[in-house]
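K.L.:
Below is the structure I would like to discuss, written out as structure tokens.
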Amino acid sequence: SVGQEERSFCDEGKMCDDEVDPLTPEALKALRLAVSGKETGLEHHSDRSLARFLRAKKTVERAAENVKSYDAFRKEIGIEGVLEYEKVAETHALGFMLFDPATCYNKDGAVIVHGRPGKLQGKPTPEELQRMVFYVIDWLTISNEAAQTKGVMMIMDWTDMSLLKFNRKYPQMIAPMIQNVLPVRMKMIAHVNVPGFFSMIFALLKPLLSKKIRSRLKVLGAPENLLEFVDKEHLPLLLGGDVDLTLENNRLLIKAGPDHASKNVAGLQMTN
Numbered sequence: 496s497v498g499q500e501e502r503s504f505c506d507e508g509k510m511c512d513d514e515v516d517p518l519t520p521e522a523l524k525a526l527r528l529a530v531s532g533k534e535t536g537l538e539h540h541s542d543r544s545l546a547r548f549l550r551a552k553k554t555v556e557r558a559a560e561n562v563k564s565y566d567a568f569r570k571e572i573g574i575e576g577v578l579e580y581e582k583v584a585e586t587h588a589l590g591f592m593l594f595d596p597a598t599c600y601n602k603d604g605a606v607i608v609h610g611r612p613g614k615l616q617g618k619p620t621p622e623e624l625q626r627m628v629f630y631v632i633d634w635l636t637i638s639n640e641a642a643q644t645k646g647v648m649m650i651m652d653w654t655d656m657s658l659l660k661f662n663r664k665y666p667q668m669i670a671p672m673i674q675n676v677l678p679v680r681m682k683m684i685a686h687v688n689v690p691g692f693f694s695m696i697f698a699l700l701k702p703l704l705s706k707k708i709r710s711r712l713k714v715l716g717a718p719e720n721l722l723e724f725v726d727k728e729h730l731p732l733l734l735g736g737d738v739d740l741t742l743e744n745n746r747l748l749i750k751a752g753p754d755h756a757s758k759n760v761a762g763l764q765m766t767n
């Protein structure tokens, strides 16, 4: 049966006005059965975790396939058990991906993730970068209701990016993971401050993406063009907005830190 926590989570789910939330107690029960062959589901996926797969894929059948792909991927890259907060904090300390769902979202309510490949410290291997992206998006989809219901807007800020920092395998390892593994509703991928060699990056990226995702790619040029999609008060300070995205000020990350690790929810220690 669906516990009180899961019932409350279903009732509170709110999709965009033109969508029907696929998250219902009946759908959760069917998904538990589909992924495990039993009504109790999988030990490492709570109903809160399964909710994101239903909301990303819309049907039980597609959600079940996504769960299997996700679990296989975690096993492949050696992520077992609880996804510790320190792993997320370490990623943010590198300055590559920043977000604060409490204040940073677009006009449709999609949570903004600010990617800054040009700010990477050192030159991580493709596997290390893939793991960084996985940690952040996985954490976001399990911990934030808006990321599940409204989706995610990725803003790729290419400031300070050079060919010396770029590895052709980066998009080859990250794009399929975001598209086929992570239960994320990617609503837009906006590129700003693009380098002169961006056409090469785009040529590498385009064949890896579905037609649907390709239609959501936008090369906007100057950061001020983001204001068509994001109000200034919800845009990162580094892109001309008002939100100071730092680890210290990221309220959601701090809330999910070790001091609040009283409960394991789908592999991430949090309180709700």
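Counting from 496, one number per residue, gives the positions in the sequence shown under our numbering. Ideal Cβ positions, reconstructed from N, Cα and C, are used throughout, including at glycine.
What distance in whole Å lies between the Cβ atoms of A551 and P671, which are believed to be in contact at a cut-off of 8 Å?
P.N.:
Actually they do not touch by this definition, with Cβ atoms about 15 Å apart.
K.L.:
Quick one: measure Cβ to Cβ for Q674 and S705, integer angstroms, because I've assumed they're closer than 8 Å.
P.N.:
Yes, Q674 and S705 are in contact; Cβ-Cβ is about 6 Å, under 8 Å.
K.L.:
By Cβ distance, which residues of its chain are closer than 8 Å to T554, with the 5 residues on each side in sequence left out?
P.N.:
Closer than 8 Å at the Cβ level, and outside the excluded window around T554, lie P517.
K.L.:
Under 8 Å, do V725 and I632 count as touching if we go by C-beta distance?
P.N.:
No, the pair does not count as a contact, with Cβ atoms beyond the cut-off.
K.L.:
How far does the alpha helix (DSSP H) with A685 in it extend, from its first residue to its last?
P.N.:
Taken as a continuous stretch (DSSP letters only), A685 belongs to no alpha helix (DSSP H), being part of the beta strand (DSSP E) at M681 to V687.
K.L.:
Which ranges does the beta strand (DSSP E) cover as unbroken runs of at least 3 residues, wholly within the stretch 559-644, from first to last along the chain?
P.N.:
Taking only runs of at least 3 residues, the beta strand (DSSP E) segments lying wholly in the stretch 559-644 are 606-610.
K.L.:
Looking at the structure shown, is M656 part of a helix, part of a strand, or coil, going by DSSP?
P.N.:
Reduced to three states, the DSSP call for M656 is coil.
K.L.:
Measure the alpha-carbon distance for Y600 versus L528 and round it to whole angstroms.
P.N.:
So the alpha carbons of these two residues sit roughly 35 Å apart.
K.L.:
With three or more beta-carbon pairs closer than 8 Å as the criterion, would you say the stretch 605-619 touches the stretch 646-654?
P.N.:
Taking 8 Å as the limit for Cβ pairs, the verdict is that the stretch 646-654 does touch the stretch 605-619.
K.L.:
Assess contact between the stretch 612-624 and the stretch 561-569, defined as three or more Cβ pairs (one per stretch) separated by less than 8 Å. Is contact present?
P.N.:
No, the stretch 612-624 does not touch the stretch 561-569.
K.L.:
For L526 and K570, what's the separation of their Cα atoms in angstroms?
P.N.:
Rounded to whole angstroms, L526 to K570 spans 21 Å at the Cα level.
K.L.:
What residues in its chain sit with their C-beta under 6 Å from that of M668, if we drop five residues either side in the sequence?
P.N.:
The residues are P621 and Q625.
K.L.:
In chain order, what residues of the same chain lie with their CB nearer than 8 Å to the CB of F693, ignoring the 5 residues before and after it?
P.N.:
Excluding positions up to five away in sequence, the list reads W653, H686 and V714.
K.L.:
In the DSSP assignment, find the unbroken beta strand (DSSP E) run with V530 in it and report its ends.
P.N.:
Looking at the DSSP string, V530 is not in any beta strand (DSSP E); the run it does join, the alpha helix (DSSP H), is P520 to S531.
K.L.:
G691: buried (16+ other C-beta within 10 angstroms of its C-beta) or exposed?
P.N.:
So G691 counts as exposed.
K.L.:
Can you tell which of L732, P596, L703 and L699 has the C-alpha that lies nearest to the C-alpha of S638?
P.N.:
For S638, the nearest C-alpha among the options comes from P596.
K.L.:
Once you ignore the five residues that flank L712 on each side, which residues in its own chain have a CB closer than 6 Å to its CB?
P.N.:
Answer for L712: I684, listed in chain order.
K.L.:
Pick out whichever of M681, V628 and L703 has its Cα sitting closest to the Cα of A641.
P.N.:
With distances taken between Cα atoms, A641 lies closest to M681.
K.L.:
Can you tell me the Cα-Cα spacing of V530 and L635, whole angstroms?
P.N.:
Each residue's Cα considered, the two are about 22 Å apart.
K.L.:
By alpha-carbon positions, which one of D737, T519, L721 and P520 ends up nearest to E728?
P.N.:
Out of D737, T519, L721 and P520, D737 has the C-alpha closest to the C-alpha of E728.
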